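Take 1462 as the starting number for the sequence shown in my numbering and just add one per residue.
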Amino acid sequence: MVLSAQHFLSPVIDFLGFHDARFAPGDWDFERNPFWTTFLFTIVTYPCLFYLIWFLNPSLSKNRLGLSWVLSFFSATILTLSAFYEMPNMRTIFNSMVDYRPASTTASIIMAPTTASGVAALISSLNVSTAAATTTAAALACRDVCLPILKAGSWALVTTLPSFLKLDSGSPAKYYCFSDLDYCPPAQSKMTTRNTASAITIAAETATDADAQLLSFGLTNSPDSRQHPCHTDESQYHQYHQRHQEQQHADQLAWSFTKQSEPMSLRHRLYQGQMKRPHLFLSLENYPNDGRIGPHIIAANFQAFLVVDLVLGLIHYRKYLEPFSTVVHHLFYFYMVKHMRAGDMLSLFCVCGAPVEASSIFLAYRRIYPHRRTPTVEWLYLFCFVSSRLIYVTFLWHELYFNYPDKSVAVLCTITLALHVYWFAIYILAQRKFKSKQKRLAREAAVAAKRKDHVQDVAITNRLSPALAAVAIGGEEEEEDTTQRVSK
């Protein structure tokens, strides 16, 4: 029976994850088709970058090992830098620095003014533009918003924090956590200070319905901000007016019915309801997949790098394509990206996989420039490897195995951790060989220096040239060796 090309290639295409590929020029769009557009762009760009670096650095023709790490250097740099943006609290800081306001974000908290004068100023400046009034409210509350976000962002830089470590010793409920999984019901809205509560109470009773509705926007998680939970101190509650309580109760019922009727995707089935552990840093409910195109672009860039590196390796540096550390590694990560994309988990892939590439930057640097292999570069590589590839992945494995619903991700994390342990063992053995070689070279250099001094002394004493003195000393050494062999 003769199989047609379609029947023969279909399983291969499905296995590679290309069944939904869109490569037509009309589909080249980073918004409508981010993954495959980035994949094609990287496939074309990386070879050009590879040959450009080779042209600018001709010494790589003799250093093929360094040549094999050129693309790895750029890929690791892109992944490491993008890893910071995949942390929701860090993303908030970056967006505010460049004044970028995405349509859908995981970290956008709007608080109310903290004083009665601030509330009065807000009410007096009301106009028909809700956006302008909201901006004013956010500006007046920058002290209560920016400082907690900056605090959380500072902690986000420490990637080795264990999953059981709290951001602070205080109440867990006061931390700002960022999630698109759910939002606080209006009846559970709380305030930070009694002054704010009393000020808003007075303002709500004396203001018009439009003013009160606008004020409640900064206090409650309304439908416009339902994706941005705001956790405040549990001991501080705000007692609303009776008519506000009735309206909030109706909103809560409508919210419950809406949530029950919505289909739950995989990322929303992670932790149904409000976040269970808002105070934990390495809790995956703090890093939701919010539907951005960023993870698709990052993952596509990485998958295309794996393909280009294997193809160029077969052409230019086949000798350095190690069967396990290179070929198996690239094929395994290619399948991992395909599996995570099929499960709508690319955001999780970026959170778990992007930070671990920090060590590859220093490894590639010392491979490309072996004469610049200083102790500082060596220690930076070792620190990044242990902190990201061993400690960080170990804590993520605990989180994935015990708390993540899809256990296949834990299996992939286990294989990744085993591969990192294997690399670390190879590194230790290589360092031992390197140190023993350095000691041997040092001993040989010391012996050569001692012999040179002896030749100079003999030449001066016997009034001989250094060459004749070296010959005479060589003859004496041969006679001593012969005498020792005869005596034995």
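Just so it is clear, CB atoms sit at the ideal spot from N, CA and C, and this is done for glycine as well. Since the model is a prediction, treat every value here as computed from it, not as a measurement.
Less than 7 Å between C-beta atoms, sequence neighbours within five positions excluded: which residues of the same chain meet that for residue i?
{"i": "residue 1823", "result": "1838, 1841, 1842, 1845"}
{"i": "residue 1500", "result": "1761, 1764, 1765"}
{"i": "residue 1871", "result": "1858, 1861, 1862, 1865"}
{"i": "residue 1555", "result": "1546"}
Please go through the same chain and pick out, in chain order, the residues whose beta-carbon is closer than 6 Å to the beta-carbon of residue i, but skip the five residues on each side of it.
{"i": "residue 1819", "result": "1541, 1845, 1849"}
{"i": "residue 1544", "result": "1815, 1816"}
{"i": "residue 1778", "result": "1525, 1528, 1529"}
{"i": "residue 1478", "result": "1799"}
{"i": "residue 1758", "result": "1495, 1499"}
{"i": "residue 1558", "result": "none"}
{"i": "residue 1536", "result": "1766"}
Are the CB atoms of residue j and residue i within a distance shorter than 8 Å?
{"i": "residue 1853", "j": "residue 1812", "result": "no"}
{"i": "residue 1884", "j": "residue 1874", "result": "no"}
{"i": "residue 1825", "j": "residue 1516", "result": "no"}
{"i": "residue 1792", "j": "residue 1801", "result": "no"}
{"i": "residue 1490", "j": "residue 1498", "result": "yes"}
{"i": "residue 1546", "j": "residue 1755", "result": "yes"}
{"i": "residue 1510", "j": "residue 1770", "result": "no"}
{"i": "residue 1767", "j": "residue 1796", "result": "no"}
{"i": "residue 1880", "j": "residue 1855", "result": "no"}
{"i": "residue 1809", "j": "residue 1851", "result": "no"}
Starting from the Cα of residue i, find the closest Cα among the options and give me that residue.
{"i": "residue 1475", "options": "1775, 1767, 1799, 1508", "result": "1799"}
{"i": "residue 1538", "options": "1821, 1555, 1856, 1918", "result": "1821"}
{"i": "residue 1776", "options": "1512, 1922, 1486", "result": "1512"}
{"i": "residue 1483", "options": "1927, 1496, 1908", "result": "1496"}
{"i": "residue 1836", "options": "1536, 1902, 1896", "result": "1896"}
{"i": "residue 1521", "options": "1790, 1830, 1876", "result": "1830"}
{"i": "residue 1772", "options": "1505, 1523, 1898, 1481", "result": "1505"}
{"i": "residue 1548", "options": "1486, 1753, 1922, 1488", "result": "1753"}
{"i": "residue 1912", "options": "1927, 1899, 1900", "result": "1927"}
{"i": "residue 1889", "options": "1923, 1847, 1472", "result": "1847"}
Cutting at 8 Å between CB atoms, please list the residues of its own chain near residue i, excluding the five before and the five after it.
{"i": "residue 1774", "result": "1529, 1781, 1782, 1787"}
{"i": "residue 1833", "result": "1826, 1827"}
{"i": "residue 1967", "result": "The structure shown does not extend to residue 1967, since the chain spans only 1462 to 1949, so no value can be given for it."}
{"i": "residue 1488", "result": "1494, 1497, 1498"}
Taking only runs that begin and end inside the region 1801–1888, name each unbroken alpha helix (DSSP H) of 4 or more residues, in chain order.
1807–1814, 1819–1829, 1836–1845, 1854–1864
Within the region 1755–1793, ranges of the alpha helix (DSSP H) (whole runs, at least 4 residues)
1755–1777
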